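S.K.: Going down the list, the protein sequences come from chains A and B.
In terms of this note's numbering, the first sequence opens at residue 6 and continues consecutively.
In terms of this note's numbering, the second sequence opens at residue 6 and continues consecutively.
Number of protein chains: 2
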Amino acid sequence: MATKKATATRDRPSTGSGSSGTGSRGAANQRADALRNRAKILAGTVTAIRKNPDASVADIAAEAGVGRQTLYGHFRTRPELIDAALADSIERGEEVLSQVSLDGDPVEAFQRLVSSSWVLVDRSRALLAAAQKELPASRIREMHEKAESRMHGLLERGHAEGAFRTDLPVSWLLTTTHVVMNGAAEEVRAGRLDPEDAPWFIDAILLPAFTHDAHPEQPR
Amino acid sequence: MATKKATATRDRPSTGSGSSGTGSRGAANQRADALRNRAKILAGTVTAIRKNPDASVADIAAEAGVGRQTLYGHFRTRPELIDAALADSIERGEEVLSQVSLDGDPVEAFQRLVSSSWVLVDRSRALLAAAQKELPASRIREMHEKAESRMHGLLERGHAEGAFRTDLPVSWLLTTTHVVMNGAAEEVRAGRLDPEDAPWFIDAILLPAFTHDAHPEQPR
DNA sequence: GCAAACTCCTACATGCGAGTACGACTTGTA
DNA sequence: TACAAGTCGTACTCGCATGTAGGAGTTTGC
Numbered sequence: 006m007a008t009k010k011a012t013a014t015r016d017r018p019s020t021g022s023g024s025s026g027t028g029s030r031g032a033a034n035q036r037a038d039a040l041r042n043r044a045k046i047l048a049g050t051v052t053a054i055r056k057n058p059d060a061s062v063a064d065i066a067a068e069a070g071v072g073r074q075t076l077y078g079h080f081r082t083r084p085e086l087i088d089a090a091l092a093d094s095i096e097r098g099e100e101v102l103s104q105v106s107l108d109g110d111p112v113e114a115f116q117r118l119v120s121s122s123w124v125l126v127d128r129s130r131a132l133l134a135a136a137q138k139e140l141p142a143s144r145i146r147e148m149h150e151k152a153e154s155r156m157h158g159l160l161e162r163g164h165a166e167g168a169f170r171t172d173l174p175v176s177w178l179l180t181t182t183h184v185v186m187n188g189a190a191e192e193v194r195a196g197r198l199d200p201e202d203a204p205w206f207i208d209a210i211l212l213p214a215f216t217h218d219a220h221p222e223q224p225r
Numbered sequence: 006m007a008t009k010k011a012t013a014t015r016d017r018p019s020t021g022s023g024s025s026g027t028g029s030r031g032a033a034n035q036r037a038d039a040l041r042n043r044a045k046i047l048a049g050t051v052t053a054i055r056k057n058p059d060a061s062v063a064d065i066a067a068e069a070g071v072g073r074q075t076l077y078g079h080f081r082t083r084p085e086l087i088d089a090a091l092a093d094s095i096e097r098g099e100e101v102l103s104q105v106s107l108d109g110d111p112v113e114a115f116q117r118l119v120s121s122s123w124v125l126v127d128r129s130r131a132l133l134a135a136a137q138k139e140l141p142a143s144r145i146r147e148m149h150e151k152a153e154s155r156m157h158g159l160l161e162r163g164h165a166e167g168a169f170r171t172d173l174p175v176s177w178l179l180t181t182t183h184v185v186m187n188g189a190a191e192e193v194r195a196g197r198l199d200p201e202d203a204p205w206f207i208d209a210i211l212l213p214a215f216t217h218d219a220h221p222e223q224p225r
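1. Return the chain-ordered list of same chain residues with a C-beta closer than 7 Å to the C-beta of Glu-166 (chain B), the five sequence neighbours on each side being excluded.
2. Check this for me: beta carbons of Ala-92 (chain B) and Met-148 (chain B), under 8 Å apart or not?
3. Within the same chain, show all residues whose beta-carbon is closer than 6 Å to that of Val-1 (chain A), passing over the 5 residues directly before and after it, in chain order.
4. Note down the Cα distance separating Leu-132 (chain B) from Met-186 (chain B), rounded to an integer number of angstroms.
5. So is Asp-208 (chain A) buried or exposed if we call it buried at 16+ other beta carbons inside 10 Å?
6. Given a cut-off of 8 Å on the beta-carbon distance, is the pair Phe-206 (chain B) and Leu-198 (chain B) in contact?
7. Look at the alpha carbon of Leu-47 (chain A) and the alpha carbon of Trp-177 (chain B), and state the distance between them as a whole number of angstroms.
8. Beta-carbon of Arg-117 (chain B) versus every beta-carbon of chain A: anything under 8 Å?
9. Could you check which residue in A:Gly-49, A:Ala-152, A:His-217 and A:Thr-181 has the C-alpha nearest to that of Ser-122 (chain A)?
10. Is the beta carbon of Asp-172 (chain B) closer than 8 Å to that of Asp-202 (chain B)?
11. Touching or not, the region 48-55 of chain B and the region 127-141 of chain B, by the rule of three or more beta carbon pairs under 8 Å?
12. Measuring alpha carbon to alpha carbon, tell me which of A:Pro-174, A:Val-119 and A:Lys-45 ends up nearest Ala-69 (chain A).
13. Pull up the distance between the alpha-carbon of Val-105 (chain B) and that of Leu-40 (chain B), whole angstroms please.
14. Compute the Euclidean distance between the alpha carbons of Ser-94 (chain A) and Arg-43 (chain B), then round it to the nearest angstrom.
15. Give me the residue from A:Gly-109, A:Ile-87, A:Ala-90 and A:Arg-117 with the minimum Cα distance to Val-101 (chain A).
16. If Val-193 (chain B) sits next to Asp-127 (chain B), beta carbons under 8 Å apart, how far is it from one beta carbon to the other, in whole angstroms?
17. Report yes if the C-beta of Asp-88 (chain A) is less than 7 Å from at least one heavy atom of the ligand PLP; otherwise report no.
18. Decide if Arg-204 (chain B) is buried, meaning its Cβ has at least 16 other Cβ atoms within 10 Å, or exposed.
19. If we ignore side chains and look at the alpha-carbon of each, how far apart do Ala-214 (chain B) and Arg-170 (chain B) end up?
20. Contact check, Leu-159 (chain A) vs Leu-107 (chain A) under 8 Å by CB: the rounded distance?
21. Where does Gly-28 (chain A) sit, in a helix, a strand or coil, going by DSSP?
22. Chain B partners of Glu-192 (chain A), CB-CB under 9 Å?
23. Using a Cβ cut-off of 8 Å, pull out every chain A residue sitting near Asn-187 (chain B), in sequence order please.
24. Just mark Gly-163 (chain A) as buried or exposed, buried being the case when its beta carbon has 16 or more other beta carbons within 10 Å.
25. Would you list, in sequence order, the uninterrupted alpha helix (DSSP H) runs of no fewer than 4 residues that lie entirely inside the region 83-123 of chain B?
26. Could you give the first and the last residue of the continuous alpha helix (DSSP H) run that contains Thr-182 (chain B)?
27. Which class does Gly-70 (chain A) belong to by DSSP, given the choice of helix, strand or coil?
28. If you draw a straight line from the alpha carbon of Ala-136 (chain A) to that of Arg-146 (chain A), how long is it in whole angstroms?
29. Does any CB atom of chain B fall closer than 8 Å to the CB of Phe-227 (chain A)?
30. Taking all protein chains shown into account, decide if Ile-210 (chain A) is buried (16 or more other Cβ within 10 angstroms of its Cβ) or exposed.
31. For chain A, is any of its Cβ atoms less than 8 Å away from the one on Ala-209 (chain B)?
32. When you compare only the Cα positions, how much space is there between Gly-98 (chain B) and Val-119 (chain B)?
33. Name, going along the chain, the residues of the region 68-84 of chain A whose beta-carbon falls closer than 8 Å to a beta-carbon of chain B.
34. Looking at the unbroken alpha helix (DSSP H) that takes in Asp-171 (chain A), where does it start and where does it end?
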């Protein structure tokens, strides 16, 4: 007998905005196994989406090794799940990226930052793509803010110090960096490129592109 | 009274392989308005997908200004529609690209080819993305074969003649070209780049990247 | 060891997109 | 002008994914 409600305690909505009074108690008092499952789900989301970009919630639960209901116990909706998974990935990434020294020669700092970023991009770009389909663009931008401005700042310093060419705006250098890293990730996925070599190939394109002016043939 | 069957004559499966005997007559005897609608549908597919990457068949029909049934009269299934639309886009692209002279200085030829390709990429990259989700990769590759080998051949000649650096494989140069063009298209879509300027920005990245060796700092 | 917290199975309800079927109406073409 | 060819609205069927509801069994924490 007994048994009335069920499913996990459900966590705060990440962004601590909305309705606070409803919760059954505080918020951060989860049981150890629940916390463990939450982590498994987050990790499972990344790999499931990686295998199949439009994996269903059921697919993700299976990948994570938990029941679908358990998953819904932790994340009310699919977007909420994707949001949490991406936020988690980015947060882990931050831990790595924030360690990278941005001092010294801008070119060398750029190389350091790229090779650290590359690994993260390679790991969660599928998730990012999925997120772009169900989360507002503003939310995505918000999550990437730190990483974005870190790279942006470095490029700007390189600009100012003359290490990077100034005939191209920083925004275009930034975009180029992104797409080339993504291209490398794609090549790795296709088996045409060894992940180990990727940073070298990326640098081999970006460094000359960022430090040498356009070809002389260009009149103006 | 009367009226038994209905819907358009339906066209051959593009790849003239399968079951021939079934058809109600030959194949290429369509009425003028039917042909016109077919064209409207193909065009509508491109723009509908561009507006919303996962537009439904109903969305596409609406965009094309025809009834959903009419669309199904021309294309049996969604994949068949996407296939036809992409094939059509590529065919039109071929008409343009095949005019581009690949002779003379490889770098200049490359610039010509890129700026012609860019327009096409910008127009149908959304459709390509959609196609990648419902068509076998082999089919996509098959359709791009001509354009791909044209660019590949040019890069290879540039390699051989020493116009392009040889410390990077042609495949990586090709990939880079793709992703940078796509990146530019993305920037245009986001309103951060004027379509007119795109070819210049693309060249500004690719030419130095392809003609200058890696930065001296690189020991090996 | 006991109650609360969790997991997870079965079963629904719902919504949406792909295709199919039918039939009335319109348009091209001989 | 007559009739085949084509359009297109309505109305299904079907499959699949999301999210909900109970309740029985299991684990954790005190």
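The beta carbon of each residue, even a glycine, is placed where N, CA and C say it ideally should be.
The model shown is predicted, which means the values in this text are computed figures rather than measured ones.
M.R.: Let's see:
1. As a first step, residue 166 (chain B) must be located in the second sequence, where it is residue number 161. The beta carbon of Glu-166 (chain B) sits closer than 7 Å to the beta carbons of Pro-111 from its chain, once the five residues preceding and following it are set aside; these are given in chain order.
2. Numbered from 1 along the second sequence, position 87 holds the residue referred to as residue 92 (chain B). Numbered from 1 along the second sequence, position 143 holds the residue referred to as residue 148 (chain B). One thing to note: Ala-92 (chain B) has its Cβ within 8 Å of the Cβ of Met-148 (chain B).
3. Since the first residue shown for chain A is 6 and the last is 225, residue 1 (chain A) is missing from the structure and cannot be characterised.
4. Along the second sequence, read from residue 1 onward, the residue named residue 132 (chain B) stands at position 127. Along the second sequence, read from residue 1 onward, the residue named residue 186 (chain B) stands at position 181. Approximately 15 Å, taken between the alpha carbons.
5. The residue labelled residue 208 (chain A) in the question sits at position 203 within the first sequence. By the neighbour-count criterion, in which a residue is buried when 16 or more other Cβ atoms sit within 10 angstroms of its Cβ, Asp-208 (chain A) is buried.
6. As a working note, residue 206 (chain B) is residue 201 in the second sequence. As a working note, residue 198 (chain B) is residue 193 in the second sequence. The Cβ atoms of Phe-206 (chain B) and Leu-198 (chain B) sit closer than 8 Å to each other.
7. The residue given as residue 47 (chain A) occupies position 42 in the first sequence. The residue given as residue 177 (chain B) occupies position 172 in the second sequence. Between Leu-47 (chain A) and Trp-177 (chain B), the alpha-carbon positions lie close to 33 Å from each other.
8. For the purposes of this step, residue 117 (chain B) is taken as the residue at position 112 of the second sequence. No, its Cβ sits nowhere closer than 8 Å to a Cβ of chain A.
9. Along the first sequence, one-based indexing puts residue 122 (chain A) at 117. The option with the nearest alpha carbon to Ser-122 (chain A) is A:Ala-152.
10. Here residue 202 (chain B) corresponds to residue number 197 of the second sequence, with the count starting at 1. Here residue 172 (chain B) corresponds to residue number 167 of the second sequence, with the count starting at 1. Remark: C-beta atoms of Asp-202 (chain B) and Asp-172 (chain B) do not approach each other more closely than 8 Å.
11. The region 127-141 of chain B and the region 48-55 of chain B touch, with three or more beta-carbon pairs separated by less than 8 Å.
12. Numbered from its first residue, the first sequence carries residue 69 (chain A) at position 64. It is A:Lys-45.
13. Indexing the second sequence from 1 puts residue 105 (chain B) at position 100. Indexing the second sequence from 1 puts residue 40 (chain B) at position 35. Looking at the two C-alpha atoms, the distance is approximately 30 Å.
14. Here residue 94 (chain A) refers to the residue found at position 89 of the first sequence. Here residue 43 (chain B) refers to the residue found at position 38 of the second sequence. In this structure, the straight-line span from the alpha carbon of Ser-94 (chain A) to that of Arg-43 (chain B) is close to 46 Å.
15. Position 96 of the first sequence, counting from 1, holds the residue named residue 101 (chain A). Taking only the C-alpha atoms, the option nearest Val-101 (chain A) is A:Arg-117.
16. Sequence index remark: in the second sequence, residue 193 (chain B) carries index 188 (1-based). Sequence index remark: in the second sequence, residue 127 (chain B) carries index 122 (1-based). The C-beta separation of Val-193 (chain B) from Asp-127 (chain B) comes to about 6 Å, placing the pair in contact by the 8 Å criterion.
17. The model depicted lacks the ligand PLP and carries no ligand whatsoever.
18. The residue you call residue 204 (chain B) lines up with position 199 of the second sequence. A small correction: the amino acid at residue 204 (chain B) is Pro; Arg does not occupy that position in the sequence shown. Counting Cβ neighbours within 10 Å, Pro-204 (chain B) comes out buried, since at least 16 surround it.
19. Working through the second sequence from its first residue, we reach residue 214 (chain B) at position 209. Working through the second sequence from its first residue, we reach residue 170 (chain B) at position 165. Those two C-alpha atoms are separated by around 9 Å.
20. Counting from one through the first sequence, the residue named residue 159 (chain A) turns up at place 154. Counting from one through the first sequence, the residue named residue 107 (chain A) turns up at place 102. Indeed they touch by this definition, with Cβ atoms about 5 Å apart.
21. Residue numbering aside, residue 28 (chain A) sits at position 23 when the first sequence is read from its first letter. With a pLDDT of only 28 at Gly-28 (chain A), under 50, the local geometry of the prediction cannot be trusted, and the value read off the model is given with reservation. Note: Gly-28 (chain A) maps to coil in three-state DSSP.
22. The residue you call residue 192 (chain A) lines up with position 187 of the first sequence. Within 9 Å Cβ-Cβ: Ser-176, Trp-177 and Thr-180.
23. As a working mapping, residue 187 (chain B) is identified with position 182 in the second sequence. Contacts between Asn-187 (chain B) and chain A, judged by CB atoms closer than 8 Å, involve Val-184 in chain order.
24. Translated into positions along the first sequence, residue 163 (chain A) becomes position 158. Buried.
25. Within the region 83-123 of chain B, the complete alpha helix (DSSP H) runs of at least 4 residues are 83-102.
26. Along the second sequence, read from residue 1 onward, the residue named residue 182 (chain B) stands at position 177. Annotation for Thr-182 (chain B): the continuous alpha helix (DSSP H) segment containing it runs 175-194.
27. Counted from its first residue, the first sequence places residue 70 (chain A) at position 65. Residue state, collapsed to three classes: coil.
28. Along the first sequence, read from residue 1 onward, the residue named residue 136 (chain A) stands at position 131. Along the first sequence, read from residue 1 onward, the residue named residue 146 (chain A) stands at position 141. Near 11 Å, if we compare the C-alpha coordinates of Arg-146 (chain A) and Ala-136 (chain A).
29. A question about residue 227 (chain A) goes unanswered here, because the residues of chain A that appear run from 6 up to 225.
30. The residue you call residue 210 (chain A) lines up with position 205 of the first sequence. The residue in question, Ile-210 (chain A), is buried, as its Cβ has 16 or more Cβ neighbours within 10 Å.
31. Numbered from its first residue, the second sequence carries residue 209 (chain B) at position 204. Yes, because at least one Cβ of chain A sits closer than 8 Å to the Cβ of Ala-209 (chain B).
32. Against the second sequence, residue 98 (chain B) aligns to sequence position 93. Against the second sequence, residue 119 (chain B) aligns to sequence position 114. Rounded to whole angstroms, Gly-98 (chain B) to Val-119 (chain B) spans 13 Å at the Cα level.
33. For the region 68-84 of chain A, which is checked against every Cβ of chain B, not one residue is closer than 8 Å.
34. If you number the first sequence from 1, residue 171 (chain A) lands on position 166. Looking at the sequence provided, one finds Thr at residue 171 (chain A) rather than Asp. In this chain, Thr-171 (chain A) is not harboured by any alpha helix (DSSP H), its DSSP state being neither H nor E.
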